[in-house]
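There are 2 protein chains.
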Amino acid sequence: MGYQHWKYETLNELCNDAFVKFGFTAEEAKIITDVLLMSDLYGIESHGMQRMYRYFKGIKSGKIHVDRKPEIVFETPVSAVVDGNGGMGQVISHFAMTKAIEKAKTAGIGIVTTRNSNHYGIAGYYAKLACNEGLIGISCTNTEAIMVPTFGKKAMLGTNPIAVAMPAEPYDFFFDAATTVVTRGKLEVYNKMGKPLPEGWALDKDGKPSTDAADVLGNINAHAGGGIMPLGGSTEKLGSHKGYGNAMICEIFSAILSLGTTSNATGGANAGGICHCFVAIDPKIFGDAEAIKQHLSDYLQTLRESPKAEGQDRIYTHGEKEVLAEKRIREEGIPVNDNTMREVKELCDHLGMDFSHYFGDYLPPENPGFKQVY
Amino acid sequence: MGYQHWKYETLNELCNDAFVKFGFTAEEAKIITDVLLMSDLYGIESHGMQRMYRYFKGIKSGKIHVDRKPEIVFETPVSAVVDGNGGMGQVISHFAMTKAIEKAKTAGIGIVTTRNSNHYGIAGYYAKLACNEGLIGISCTNTEAIMVPTFGKKAMLGTNPIAVAMPAEPYDFFFDAATTVVTRGKLEVYNKMGKPLPEGWALDKDGKPSTDAADVLGNINAHAGGGIMPLGGSTEKLGSHKGYGNAMICEIFSAILSLGTTSNATGGANAGGICHCFVAIDPKIFGDAEAIKQHLSDYLQTLRESPKAEGQDRIYTHGEKEVLAEKRIREEGIPVNDNTMREVKELCDHLGMDFSHYFGDYLPPENPGFKQVY
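See below:
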């Protein structure tokens, strides 16, 4: 399968149009599109365009309710609990982080825990919203169960990413990572590429190492067992219990504090039960915000300039790769897998949108060998 | 080298006496002793008794100033910055977490960042202080540089542990883990046992994998290069950049926000420059604290009962091993390595304390092959 490059503007128009067709307001469609395309612009294919079909399926199956709006069900000057009422994850999450930012600007810090939401896209998008206001932003989420706890064979936790963003020069600090070795999206991408998974990523239904992306994804969907290993692998020797513990922190701040659904209990009757947490902190509550920003910028520069391992010519700081990727991708276009484009075509047909309006005479090739797993 | 088992009460008396002899008040000596022995009781040898000698050396070399007290240099209702003034890490940290707890009880949340401190022992001790008050406790610290960033060959970050504790039944959730694959203390323990390190833990001075504990520790002390890998190893395939990012979060909340010393710049003129962060959060700012505690307890129970991998008969939740270890160790005694006991003997001789008062006619055997590395 090959990749086609498409202009950001083209995909932006397509996504906005599609989400409006689904019934979202123009403002909501813009938020959802921004979350998806930020991921593609940052070079993170797994959480970008390639997820369109999954949202489409979520809406069609009644897991995501287009018309339901988030509401605050508990609040203090430094905190809130948001009930997403089973709406679209990105819309709920934008609402919740906006509330956290408001609180940080008045009380110095805001923590908003959120229940009954859906997949919210790239965790870092929300952390960055706070960072763009001069604040430290933190975002985490649980997901459908996909992480197998240390010594287990059944997925009981989500990929549970944690994102932290903080203003710095010349690049903001921007960290966004699943607490599993890799994300589910990475498995989807390998499946679309038709490549075996690297060793050390996934477990089959009996809890044994597997490199078969379609099989692992299928087992996860069927709740048949297996899943992705925690960061640190599947044994304590290299720290499996640490990745598992980091995922627990996500469950606590999202599902536990909101009295929402833990990853293992999502799906079925709890479809649309995903939980998140959003934190915004004003650096001014620790003194001179400009001095703090400079101190971080200096440290990041020192890290980038530190001695390289043999065969390496660059040490990255978190957020740097994303800035470099965005510059390149805005010039070259966003690469989209042909298998994803076939899904987009199906989506356009379903919504009564003219595929050729966006993509001219390009038509995605058939690929009967591809096993779609959602 | 063998291990001797000693009663908790014996080691408690020894530690209290020794720290009073160093010039600490009885109250301060109790805090320091409690931090050390909590680690031993939890079965974490690396951060317990075996660290006595390192503190002794820190005090002797003027890195740790016995008489200097922590002070608040900036404060808001939800935050504070503490300057440790180069005093003893445990005393400074107890002061700072106590302040965070006070703020959580009035404002719902307290974040206290701390600079110019020293090694503070087990991170989880401070998280547990908050947990014992019905709060969520978080503690993190930087350390002398020991983590080599992804693609680097020089240690630029600390082992940078993060600890989170939260009330639950029948065991509190208690997570305490370095963001490196393992801690420096683990290397010290392997060195004392005279055993090679497992693969995947450490790098030599050229950034190549090493299993020689004494060599790696020596290089770290001499700032000659090498160190411990981030959680996730030394390449991106298994998530090295994630462990490195988690360590960055520690640097931000400890050294950056306090305008203190980042791990790479500690030592030398910045001896005693270690930085920490302490957070306490009252679950009541999210609603019904008892319901939240029950929700967490239920989830932890579900995890423990989930299906086990082949060859495993138990899935642990974080904090469970510590509870089991404490029960066993209070009965059987705390195991202390003979090499550590020789250091304790030297300490007693230096302080004019009668070693036999605590340990009867036991005398630690000589071990000329042991290379002490501090």
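Protein chains in written order, with the numbering used here: chain L, 1 to 374; chain H, 1001 to 1374.
Think of the CB as a built atom: it goes at the ideal place given N, C-alpha and C, for glycine as much as any other residue.
DSSP places His-1005(H) in the strand class (E or B) of the three-state scheme.
Chain-order list of chain H residues neighbouring Gly-245(L): Phe-1175, Ala-1177 and His-1318, by C-beta distance under 7 angstroms.
Around the Cβ of Gly-1239(H), a 10 Å sphere holds 16 or more other Cβ atoms; the residue is buried.
A Cβ-Cβ distance of about 11 angstroms is found for the pair Thr-1143(H) and Ile-1228(H), leaving them out of contact under the 8 angstroms criterion. Comparing alpha carbon positions, the residue from Cys-1348(H), Arg-1068(H) and Phe-1175(H) closest to Met-1166(H) is Phe-1175(H).
Tyr-1362(H) counts as exposed, since fewer than 16 other C-beta atoms from the protein chains shown sit within 10 angstroms of its C-beta. Within the stretch 214 to 246 of chain L, no alpha helix (DSSP H) run of at least 4 residues lies entirely inside it.
Contact annotation for Leu-324(L) against chain H: no contact, minimum CB-CB distance about 14 angstroms [criterion: below 7 angstroms]. Proximity of chain H to Ser-258(L) at the Cβ level (cut-off 8 angstroms) is accounted for by Phe-1286, in chain order. Sixteen is the threshold: since fewer than 16 other Cβ atoms of the shown chains lie within 10 Å of the Cβ of Glu-1366(H), the residue is exposed.
Contact between Phe-1056(H) and Leu-1347(H) holds: CB atoms are separated by about 5 angstroms, below the 8 angstroms threshold. Within the model, the alpha-carbon separation for Asp-212(L) versus Ile-315(L) is close to 32 angstroms.
Annotation: the stretch 1152 to 1207 of chain H contains the following complete segments of the alpha helix (DSSP H) (minimum length 4 residues), in chain order: 1184 to 1193. Of all residues in the stretch 1079 to 1103 of chain H, only Ser-1079 and Val-1081 come within less than 7 angstroms of chain L when Cβ atoms are compared, listed by chain position.
Contact annotation: Ser-1093(H) and Ser-1117(H) have beta-carbon atoms nearer than 8 angstroms. For Val-1112(H), the beta-bridge partners assigned by DSSP are Ala-1080(H) and Phe-1278(H). Listed in chain order, the alpha helix (DSSP H) runs fully inside the stretch 1254 to 1326 of chain H are 1289 to 1304, counting runs of at least 4 residues. Bounds of any alpha helix (DSSP H) do not take in Asn-1132(H), whose DSSP letter is neither H nor E. Residue Leu-36(L) holds the alpha-carbon nearest to the alpha-carbon of Ala-123(L) among Ala-289(L), Ala-265(L), Leu-36(L) and Lys-99(L). Around the beta carbon of Pro-1149(H), 16 or more other beta carbons lie within 10 angstroms, which makes this residue buried. Ile-146(L) sits in coil when the DSSP states are folded into three classes, being neither helix nor strand.
Per DSSP, Ile-1059(H) lies in no beta strand (DSSP E); the unbroken alpha helix (DSSP H) holding it starts and ends at 1052 to 1060.
With respect to Asn-1221(H), Asp-1204(H) sits apart: the two C-beta atoms are not nearer than 8 angstroms. Look at the beta carbons and you see the stretch 264 to 284 of chain L touching the stretch 127 to 141 of chain L: at least three pairs across the two are nearer than 8 angstroms. Within the stretch 1286 to 1308 of chain H, those residues whose Cβ lies closer than 7 angstroms to any Cβ of chain L are, in chain order, Phe-1286, Gly-1287, Ala-1291, Ile-1292, His-1295, Leu-1296, Tyr-1299, Thr-1302, Leu-1303, Ser-1306, Pro-1307 and Lys-1308. Proximity of the stretch 42 to 53 of chain L to the stretch 1018 to 1025 of chain H falls short of the contact definition, fewer than three beta-carbon pairs being nearer than 8 angstroms. Segment contact: the stretch 1350 to 1361 of chain H against the stretch 186 to 201 of chain L, fewer than three CB-CB distances shorter than 8 angstroms; contact not assigned. For Phe-151(L), the chain H residues whose Cβ falls inside 8 angstroms of its Cβ are Lys-1308, Ala-1309, Gln-1312, Arg-1314, Ile-1315 and Tyr-1316, in order along the chain. According to the DSSP assignment, Asn-1337(H) belongs to the beta strand (DSSP E) that extends over 1334 to 1337. The residue from Gly-225(L), Leu-135(L) and Leu-231(L) with its alpha-carbon nearest to that of Val-1181(H) is Leu-231(L). In chain order, Ser-306 and Pro-307 make up the part of chain L whose C-beta sits under 8 angstroms from the C-beta of Lys-1154(H). A check of alpha carbon separations from Ala-177(L) across Gly-121(L), Lys-154(L), Ile-162(L) and Ala-127(L) identifies Ile-162(L) as the nearest. For Phe-1359(H), the closest Cβ of chain L is not nearer than 8 angstroms. Below the 8 angstroms Cβ cutoff, chain L contributes Ile-136, Val-164, Met-166, Phe-173 and Leu-296 as neighbours of Ile-1252(H), in chain order. Look at the stretch 1204 to 1229 of chain H: the residues with a C-beta under 8 angstroms from a C-beta of chain L are Asp-1206, Gly-1207, Lys-1208 and Gly-1225.
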